[in-house]
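Asker: Have a look at the structure that comes next, please.
Chains as they are written, first to last, in my numbering: chain A, 2 to 251; chain B, 781 to 1058; chain C, 329 to 677.
As structure tokens, then:
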């Protein structure tokens, strides 16, 4: 029996679901293994609440979203988050740089009172997540790996190594040596240093390492004469949601 | 890229058929395995095998049966990781991959003719059982035999039937202690080190074989040295993260030694100055 | 003298193009602004003869980052040891890297022999390239005595003025030279110029650290409890760059990949690093090298201590890659100097 898989989106750009739609040929192999019962971006059918695996894109930003994700969790046997918004809060977390009433007023103006809004959270700040696919957008090979692990009932965790590890293996010239500030040293690997391979810096979209070695990180900034705020500002672009305390939005 | 099959690879895997699975405690299961086509594993006590499950990987597991046990071998496995978790889901009739036997094993020829003191803490009894059963099956080749066993609680104790058999045997001096127990436990309560002072032994001809969790070694060795057992007559089996099993990949390295190839059995003299060993 | 031939520099392009017609040729090319990498070339145009050690050493061709060692089929319960390899001509290898390859040869030729390595290696023809000067200030090739070749190549190129003087070291190398038909015999003038260059090098390459070669091992043996390791541990972020770029680091992990059919797949050998936090952790959770300082100590003991007892040679080539690649600024020569200073301090009271 094929697993019934439903895709749901919360606050996001739906770019990760687009990544799945764009997988290409490998998608046929994927579809051979699962039954997609809900996927707004590519089909109009709804699951009617009958699914085994829920794939979640987007962060939790409203009280309504909190209720909705709780309901999905109560149905799904397995819950997978895809992309930075769902997995770590992502760019939506930038909202948390401001006081909530202030930012609501700025965005909605006079109509502010009609809109339900809470500080941005990653999905695992509300419900238990079984598998994470990180990245902005999510890294497709990691999605396929996670899917295989989920189908086999095996645990999967992104490697506890920094992006630098993979970047060096790809023989990229270190961006610090070019005078740039890169989030590689603190960011969890698993993307095969996708951005740097394509001429960009790492923005930290996969979230911070469990143990980033604080004293060593300060040493890196010292060596390259980089102020700490530069790094924290850049890192907060994707990682601000982690500051929200447990139950703060309940 | 051209592809070819490699006839002689250190990573070659034999098929092992699971004959029987037995739940030992809440976390440990025992597996009886026979190699495909009746091949013998032909191991020495103290050696280990790499167990493979395709798509999941492999893991080092010590062999807990004696080579005197023909036809099959036994692995006792605690469910702690990806591979062991998957292994625990397998049943009699299933096939696993077996690579090995690997490692050096206990120095049996050296032990013959001498008195033996086995000290096992926790899961240490699993590899040690291989040697204990070998000695019991060749009992007249060895002198006095004492077995000291320690574990956290009576519920975590493995090999119940065999333990009571060892206890009954006249040619084996057996004692056991637990860290803590319910009131109905009639045996010793305390650390394994508390059993050592009470053993009467001829230190010159006694070899101590110690297997247990990493924290145990220092304390046990101190007690053994206090009993005047020479350093060169203390052997232990160390646990490390083995991956390749043939002394290359680096994971199990202890200073300049590879646990998988130079060990897992080490003489105390070999490792006492190795800062990474104990 | 019979084993020396001459290739005009202007013919290098033809030389490479001729070989590239039938074989994969890899050579140092520029990567980024000031870095280099070994990559496939089809002519001499992209080759940079005046290169600083490449980001990754040529070990990537001998021990690929990810390599199939077994193919399996769950349904058939079969594991088939497998090798994927190809013919490669590896051009422009510095003497430090030649030594690095020799170290790997030793490791994988030990029993049980690693036929994945050995059979792959046999299909790689190695062309060395003489260094007449230092790459940069990070190198310590004179300390490790690797500024001159000690074998390990099929052909060895020395660039002098408008030509290469090529030492033909093996029959395979000779066949390659003959096939191109571009080389001429060396004469007396070539031989004397080659000798002059070697003499000039003696004044260029000088031990970069204040310790004799033979004293390096005792320095590390006696530094197991050094404070230097704690200091380096504070700097280290465990990215593993130092080991990935090291020509003699060969630690690996073994990982099963499964295809989407969930039945067939491969067991692969992938580069791993002793700097990873979980490298020495067992399934039960015990971590035998939890501290970053301990891990750095282990890395350097694997260069300057352990292999000396086993193979009577250091496993440091002096290439300087670990220093270049460390984003936190851990510097090999500084580390050795710090150990020397500490030793002097201890001796003086």
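Built from N, CA and C at the ideal position, the CB exists for glycine as well.
1. Could you name the residues of chain A that residue 572(C) contacts, counting a contact when the two beta carbons are closer than 9 Å?
2. So, are the CB atoms of residue 485(C) and residue 525(C) less than 8 Å apart?
3. If distances are taken between C-alpha atoms only, which option among 1030(B), 985(B), 791(B) and 972(B) comes closest to residue 409(C)?
4. What are the complete beta strand (DSSP E) segments, minimum 3 residues, inside the segment 624 to 669 of chain C?
5. Quick one: using the 10 Å Cβ neighbour count with 16 as the cut-off for buried, is residue 387(C) buried or exposed?
6. Inspect the beta-carbon positions of residue 813(B) and residue 872(B) and report whether they are closer than 8 Å.
7. Using a Cβ-Cβ cutoff of 9 Å, what residues of the segment 831 to 859 of chain B are near chain A? List them in chain order.
8. Within 10 Å of its beta-carbon, does residue 944(B) have 16 or more other beta-carbons around it, so buried, or fewer, so exposed?
9. Within this structure, are the beta carbons of residue 175(A) and residue 84(A) separated by less than 8 Å?
10. Measure the C-alpha to C-alpha separation of residue 395(C) and residue 412(C) and round it to an integer number of angstroms.
11. At the 8 Å Cβ level, is residue 1021(B) part of the contact set with chain C, yes or no?
12. For residue 44(A), is the classification buried or exposed, using 16 other Cβ atoms within 10 angstroms of its Cβ as the cut-off for buried?
13. Within its chain, find whatever has a CB closer than 8 Å to the CB of residue 106(A); leave out the 5 residues flanking it on each side and keep chain order.
14. Between residue 951(B) and residue 916(B), what straight-line distance do the alpha-carbon atoms span, to the nearest angstrom?
15. Pair every Cβ in the segment 570 to 578 of chain C with every Cβ in the segment 640 to 647 of chain C, then say whether three or more of these pairs are closer than 8 Å.
16. So who's on the other strand from residue 1047(B), going by DSSP bridges?
17. Is the CB of residue 229(A) under 8 Å away from at least one CB in chain B?
18. Tell me which residues of the segment 97 to 125 of chain A have at least one Cβ-Cβ distance to chain B shorter than 9 Å, keeping chain order.
19. For residue 147(A), go through chain C and note every residue whose CB falls closer than 9 Å to its CB, in chain order.
20. When we look at the beta-carbon of residue 349(C) and count the other beta-carbons within 10 Å, is it buried (16 or more) or exposed?
21. Where does residue 2(A) land, buried or exposed, given buried means 16+ other C-beta within 10 angstroms?
22. Using only the alpha-carbon positions, how far apart do residue 666(C) and residue 385(C) sit?
23. Chain A beta carbons: is any one of them nearer than 8 Å to that of residue 416(C)?
24. Looking at residue 58(A) and residue 86(A), is the spacing between their C-beta atoms short of 8 Å?
25. DSSP state of residue 860(B), grouped into three classes?
26. Could you tell me whether any Cβ in chain B is nearer than 8 Å to the Cβ of residue 552(C)?
27. Using the beta-carbon count (16 or more within 10 Å), is residue 1008(B) buried or exposed?
28. Taking the alpha carbon of residue 972(B) as the point to measure from, which residue in 938(B), 895(B) and 932(B) has its own alpha carbon closest?
29. So which of 669(C), 590(C) and 627(C) has the shortest CA-CA distance to residue 31(A)?
30. Do you know whose CA, among 27(A), 29(A), 26(A) and 51(A), lies nearest residue 38(A)'s CA?
31. Using alpha carbons as the reference points, say which of 97(A), 158(A) and 19(A) lies closest to residue 234(A).
32. Residues of the segment 439 to 453 of chain C with a CB closer than 7 Å to any CB of chain B: list them in chain order, please.
33. Sort 555(C), 455(C) and 491(C) by Cα distance to residue 673(C) and report the nearest one.
34. I'd like to know if residue 221(A) contacts chain C, where contact means its C-beta is closer than 8 Å to some C-beta of that chain.
35. Are the segment 368 to 380 of chain C and the segment 340 to 348 of chain C touching, with three or more C-beta to C-beta distances below 8 Å?
36. Hey, out of 978(B), 940(B) and 987(B), whose CA is closest to residue 805(B)'s CA?
Answerer: Quick answer:
1. Below the 9 Å Cβ cutoff, chain A contributes 166, 169 and 170 as neighbours of residue 572(C), in chain order.
2. A distance of 8 Å or more separates the beta carbons of residue 485(C) and residue 525(C).
3. 791(B)
4. Here no run is fully enclosed.
5. buried
6. Result no, Cβ atoms of residue 813(B) and residue 872(B) do not sit closer than 8 Å.
7. Against chain A - using a Cβ distance shorter than 9 Å - the residues of the segment 831 to 859 of chain B are 835 and 836.
8. exposed
9. no
10. 8 Å
11. So yes, residue 1021(B) belongs to the interface.
12. exposed
13. Hits under 8 Å: 113.
14. 9 Å
15. yes
16. 1015(B)
17. no
18. For chain B, none of the residues of the segment 97 to 125 of chain A brings a beta carbon within less than 9 Å of one of its beta carbons.
19. Ordered by position in chain C, no residue passes the 9 Å Cβ test against residue 147(A), which lies about 12 Å from the chain.
20. exposed
21. Around the Cβ of residue 2(A), a 10 Å sphere holds fewer than 16 other Cβ atoms; the residue is exposed.
22. 27 Å
23. no
24. Yes, they are a contact pair.
25. coil
26. It does: the Cβ of residue 552(C) has a partner Cβ on chain B nearer than 8 Å.
27. So residue 1008(B) ends up on the exposed side.
28. 932(B)
29. Ranking 669(C), 590(C) and 627(C) by Cα distance to residue 31(A) puts 590(C) first.
30. 51(A)
31. Out of 97(A), 158(A) and 19(A), 97(A) has the C-alpha closest to the C-alpha of residue 234(A).
32. Listed in sequence order: 440, 442, 443 and 444.
33. Nearest C-alpha to residue 673(C): 555(C).
34. At a cut-off of 8 Å, the C-beta of residue 221(A) has a neighbouring C-beta in chain C.
35. Because the criterion of three Cβ pairs below 8 Å is met, the segment 368 to 380 of chain C and the segment 340 to 348 of chain C touch.
36. Ranking the options by Cα distance to residue 805(B), first place goes to 940(B).
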